[in-house]
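This report refers to the structure that appears directly beneath it.
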Amino acid sequence: MRADSLSLLLVNADADERALFARVQAGDRESFRIIFRLHMRSVYWAAFGVLQSRADSEEVMQDAFMTMWDKRMSIELVGESTLPWLVTTARYLALNRRRAEERRRRDPLDPNAELLDRALGPENAAVANEARQHIEEVMAGMPLVDQEIFWLCLVGDLSYKQAARQLGISHGSVRNRLSRLKARLRSELSLLKGD
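Take the sequence shown: its position 190, counted from the start at 1, is 174 in this note's numbering, and no numbers get skipped.
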């Protein structure tokens, strides 16, 4: 495929990514490649924000996309883009990788640490998946600026000042909106747990 054709596809994909993802769910690998090209940098940077390692972040980025491909039939998009799902998945994978690495550094000879991870993995993954989907649903109903603050500060680990500069609003506005957003998410997750 020529570069100019690819650019045109990427522009069109950005405009109607929900339809593009429907083709991915039907097994269309070319549509999957387009989504990969659309979001690979953002997914990489989400992982890098946690891991601070190029090699590990590249692996997590690839793992996030492979997870999307493997689970494509069960994924329900909230909004029009696959990016929230991909970034959340990459961040979750990166945090798991960082925790595993920290455990290995604490006690590299303890074989039970890895076994415990595997034993708790599916249940924790199911709980995390349910929480992630609920958070995505809540965020889809929030004002666009709050959604952007969520992705920049909570997922992307930007400071209030960096997010404010990127969004063109005040530092105080980012801080206040994020405080309200965190309270809302805590409340929603408490309801989800049945507290």
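By construction, the Cβ of each residue, glycine as well, lies at the ideal position given by its N, Cα and C atoms.
Values in this document were obtained by computation on a predicted structure and should not be read as measured data.
Cutoff 7 Å: residue i Cβ touching any chain D Cβ
i	result
Pro127	In the structure shown, chain D cannot be found, because there is only a single protein chain.
Residues of its chain near residue i, where Cβ-Cβ distance is below 7 Å and the 5 sequence neighbours each way are ignored
i	result
Gly34	According to the sequence provided, residue 34 is Val. The question's Gly does not apply to it. Counting only Cβ-Cβ distances below 7 Å, and skipping sequence neighbours, we find Arg75, Ala78, Leu79 and Arg82.
Glu172	His118 and Val122
Ala30	Val71, Ala74, Arg75, Val139 and Gly140
Boundaries of the alpha helix (DSSP H) in which residue i is found, first to last residue
i	result
Ala3	Glu1 to Gln9
Thr66	No alpha helix (DSSP H) contains Thr66, which DSSP labels as neither H nor E.
Ser58	Segment: none, Ser58 is in no alpha helix (DSSP H) and carries neither H nor E.
Met126	That residue, Met126, is in no alpha helix (DSSP H); it is neither H nor E in DSSP.
Leu22	Arg13 to Leu35
Leu138	Leu138 -> no alpha helix (DSSP H), and no H or E assigned at all.
Leu151	Tyr144 to Leu151
Other residues of its chain near residue i: CB distance less than 8 Å, five sequence neighbours each side excluded
i	result
Asn96	With a pLDDT of 48 at Asn96, under the threshold of 50, the modelled position of this residue cannot be trusted; read the value that follows with caution. Excluding residues within five positions, none has a Cβ falling inside 8 Å.
Met57	Gln9
Proximal residues to residue i (C-beta, below 6 Å), its chain only, five neighbours per side dropped
i	result
Arg161	Asp130 and Ile133
Thr72	Arg116
Arg159	Tyr144
Phe49	Phe20
Glu120	Val62 and Pro68
Pairwise C-alpha distance: residue j and residue i
i	j	result
Glu60	Val122	14 Å
Glu181	Leu128	Past the edges of the chain, shown from -15 to 179, lies residue 181, and the structure says nothing about it.
Val27	Ser15	17 Å
Leu136	Pro68	11 Å
Ser65	Ala84	30 Å
Ser174	Leu138	18 Å
Asp12	Leu165	37 Å
Arg7	Asp0	11 Å
Arg149	Leu4	32 Å
Gly156	Gly63	28 Å
Asp40	Ala124	30 Å
Arg2	Met45	21 Å
Ser163	Leu169	10 Å
Trp53	Ser154	39 Å
Gly152	Met24	25 Å
Ala147	Ser37	22 Å
Glu114	Phe32	24 Å
Met126	Ala167	13 Å
Leu22	Asp47	16 Å
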